[in-house]
Every structure is written in structure tokens, then in C-alpha cells.
């Protein structure tokens, strides 16, 4: 996350002061349900004093049978899930409405806070993760709003993880009531007295009247922009999804690009690389995911990230049925490392020749003690393959593939090694007529109002761009 200014640092309330302010607000009243890591959040409210003003009930249904009896059985018999969290906050909010008369408490702002987590295991093999959320009212009798988020624990001690969870829980409750007018600020305030080194948020969703009109994909983007997490994902429906749930034990084929917009070249690269990837004997189509990845650098091509431009790209990818990942991984080896945390199955990268040339450029690896060899050891491990779409030399018209690509003499033998070992697969079923299509050219034609671009993108993409005025200059959308 960005470093705080001195004024910002001075203005951070202590955890005790946050709890005290909430406790002294006679209208904020709710329940705490915490499973898996003690009652770390609510204890701060008890310690701050006068908790009767805030706490209607606190419980920790640690036993699975008790938990099931209260919140219902999970079809997959899992407890650390967003579905379990949703049941917890829904059940507790409904219960408080049933038991406390609105006639008696007309000005109360009810809330239900919950977390369900698994801390680090005794062997320290799995660091643990969890879900926490709040269902709350900013106005009496208002429909409830919700904030639900997923965290990964980075500390190596269960007690430390519990402490971090408790602090984030207090930050969440306080932010819901006092900082929810600005969701971007709210995300930052979740880290008061915490750091990403301790606890990482990799998914967050906002819902309800307080957040009316908010696009959760922008909040996912904010997590990566602020350095809170390395990657976020959203589904073809445009919903934020947990990367671990998508990637776990899956074969993964990835296409990286700016997708500004999706072009016929992007589509053909997707179709042909997917065909080759699925032809591998080890790849089960039912256990395979295809990810369209955009990096923060892709989005910052012209300076600061334009949120409308980002949503335009996201809308096009989602409409074509793709799962989208936004990452901070500038180098390809980092995305391979990230995927390998979630799966040991087959990995594939689909790319053009120009991207492969960049991969073999040593300047990208000067920060590594082992240089390019270290990076390639991380990238080309085990079963990774690169599916290479050819390019046309703009000066000679020659079609360039892995076989006639010229690399720097210093990496020539290294390049030959990976070619000889089948790590780079040429896509031979290519369409020469689309090799001249470049996203920047298409984007510029759209901005200029030149309709030639319509022949350079898939039909659905062209239809959406025209219907929604995507990528247009601001004055043309008014």
C-alpha cells in the first residue's frame, strides 16, 4: 500500500478509540458471530468499556454440529466459505429484527458482524484463510447493506493471525458506519494498524443501498492498485470471485493483453491455443480454466488508470464469456509462480512473438540475483508450455515463428534449449490476414470515428462497442 503522509498517520484512530466511539453511539447495535479463531473482534469492544451499548449478542459456534444446527448444512460440508458467511450475517440480522421491537427502538441501526476462518495448521503447511463481513444499516429501518471480504493469513503463528483478524474486524465495523460513503477510503482503512505482510484481502464485495451504483470490479481493481493483493478475478457475469476457487487443482491456459478492445487476432489466438492445450493427454477439459489477464501496467498505458476504460474492457471480455484476472505481475514468471501456488496441473501461456522476445530480454531480470536463469527456472518449470502465435515482419512481410525468430546472441543457446525441449509450441493453424491487426490501431480508429475498426474485431465486440459507445471520447458520449 502507498505510504501514509504524516497527517494521515496522525489521524488514524486507535482500535480502542474506534470501539469506544461505536460503544458510545446509542443507536448502533448488533451481534457478533465468530468461528475458527476465537472471539477476537468482539473482545476489543468489551475491553473498550460500555459494550452494552453495542453488543446485543456474541457467540462462537465452534462445534460443527452446533454451527449446522444454527446456520444450516453446507452441501459440500465446508465451513470457511462465502456461503457460510452469508448465512451467518443473514441469520443474525433476521434474529435481531425478530427479538428487538422497532416500536421500542425506532432509531436503532442494527448490524450483524461475522467471520468464519481457518488459522495456520499445526504443521505450518497451510497458512490459513477466512471470510469476514458485516450486514448493517446506516439509517433506521433502511434495507441492509453488506460488505464481505476474503483474507489470506501471512503470519506463521495462529495467535498472531487471531490478533490481525480481530483488528481488521474492528476496522470493518467502524468503516461500515463512519467511512462507507467512500468505498476506496474504506478499503484503505481496513488496514489501520495492520499491513499486507500480516493479512491480505484478495476479494471484496459491497452490496445494498449505501453502495448503490458501485461496480465491485472497480473495488477489485483497487485491491491490486493499492498493493493489497497481487491478483483479483471476476466471472463472465461480472462478479468478483475468489482466485483460489477458480484455480485450485486446475489446468490453466492464460492469455495476457490490453484487450483494448478484444480483436480478431486475440480471438484466433484464444481459439487455436485452446485447441492445442486441450489436445494434451494430461489435460482434462472439465478440469481446465482459461484466464484473460490484464496487468496494472496494461491499464496504465497512458498514465493513471481510467476507470471507464477499464470497465469497457472488462465488459467486452465478460460478454464473450471469459474469466478475467487483473494482476500486478509485470513479468510472466511471476504469474506462473502465482498459478503454481494453486495447482500442480498443466499450465499454458498463449502469446505473440513480440511477447516471447520480451521474455528473453535480460533487462527484465536484473533485479534477480540469478538473472534470467533464475526467472526461467521459475517460469519454465515442469509442465509449462508457451503457445506461440506468429507475427508478420512489418518491413519484409516475413512470417516469424519460433523457428526463425532471432534472439540476442547471449540467450541464443538458452532459447534453443527450450525450443528443443518442446516448451514453445508454434500455432500453425493461424490466419495470415489478421496478423496486421494491433489493438492500439483499432483503439485509435474507434476514437477517430473511422469505421474500419469494425472489420478488425469480433461481431459481438463491434456490436457492444457501438451500442454502449465504448472507448469513445468523452464529448461523443454526452
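In our numbering, the protein residues as written are 51 to 528.
Cβ atoms here follow ideal geometry from the backbone N, Cα and C, with glycine treated the same way.
Mark residue i as exposed unless 16 or more other C-beta atoms lie within 10 angstroms of its C-beta, in which case mark it buried.
i: residue 326; result: buried
i: residue 172; result: exposed
i: residue 199; result: buried
i: residue 88; result: buried
i: residue 84; result: buried
i: residue 281; result: buried
i: residue 501; result: exposed
i: residue 483; result: exposed
Can you tell me the Cα-Cα spacing of residue i and residue j, whole angstroms?
i: residue 333; j: residue 169; result: 33 Å
i: residue 452; j: residue 469; result: 8 Å
i: residue 267; j: residue 460; result: 43 Å
i: residue 497; j: residue 278; result: 34 Å
i: residue 81; j: residue 94; result: 14 Å
i: residue 314; j: residue 201; result: 38 Å
i: residue 429; j: residue 384; result: 8 Å
i: residue 230; j: residue 413; result: 43 Å
i: residue 454; j: residue 441; result: 11 Å
i: residue 338; j: residue 476; result: 21 Å
i: residue 557; j: residue 301; result: Residue numbering for the chain in the displayed model covers 51 to 528; residue 557 lies beyond these limits and cannot be assessed.
i: residue 311; j: residue 433; result: 31 Å
i: residue 437; j: residue 398; result: 7 Å
i: residue 59; j: residue 216; result: Per-residue confidence for residue 59 stands at a pLDDT of 49, beneath the threshold of 50, marking its modelled position as unreliable; the derived number appears in the next sentence. When rounded, the distance between both Cα atoms is 21 Å.
i: residue 23; j: residue 188; result: The structure shown does not extend to residue 23, since the chain spans only 51 to 528, so no value can be given for it.
i: residue 275; j: residue 417; result: 22 Å
i: residue 286; j: residue 155; result: 43 Å
i: residue 221; j: residue 241; result: 7 Å
i: residue 517; j: residue 487; result: 22 Å
What are the residues that DSSP puts in a beta bridge with residue i?
i: residue 327; result: Answer by DSSP bridge pairing: none, since residue 327 is not bridged.
i: residue 80; result: 105 and 161
i: residue 344; result: 376
i: residue 503; result: DSSP, once it has assigned bridges, lists no residue as partnering residue 503.
i: residue 313; result: None; residue 313 has no bridge partner.
i: residue 439; result: 402
i: residue 339; result: 302
Can you give me the start and stop residues for the beta strand (DSSP E) that residue i sits inside?
i: residue 401; result: 397-402
i: residue 283; result: 281-284
i: residue 250; result: 249-257
i: residue 133; result: Run containing residue 133: none in the beta strand (DSSP E); it sits in the alpha helix (DSSP H), 132-149.
i: residue 476; result: 474-476
I'd like the span of the alpha helix (DSSP H) that includes residue i, first residue to last.
i: residue 202; result: Premise fails: residue 202 lies in the beta strand (DSSP E), 195-203, not in any alpha helix (DSSP H).
i: residue 295; result: 293-297
i: residue 70; result: 65-74
i: residue 94; result: 92-98
i: residue 217; result: 208-228
i: residue 185; result: Note, residue 185: premise wrong, no alpha helix (DSSP H); beta strand (DSSP E) at 178-186.
i: residue 492; result: 489-498
i: residue 301; result: From DSSP, residue 301 is part of no alpha helix (DSSP H) but of the beta strand (DSSP E) over 301-306.
i: residue 386; result: 382-390
i: residue 447; result: Looking at the DSSP string, residue 447 is not in any alpha helix (DSSP H), and its letter there is neither H nor E.
Our contact map puts residue i next to residue j with C-beta atoms below 8 Å; I'd like the distance itself, whole angstroms only.
i: residue 284; j: residue 270; result: 6 Å
i: residue 223; j: residue 237; result: In fact, because the Cβ distance is near 15 Å, the residues do not count as touching under 8 Å.
i: residue 520; j: residue 362; result: 4 Å
i: residue 77; j: residue 157; result: 5 Å
i: residue 345; j: residue 389; result: That pair is no contact at about 14 Å.
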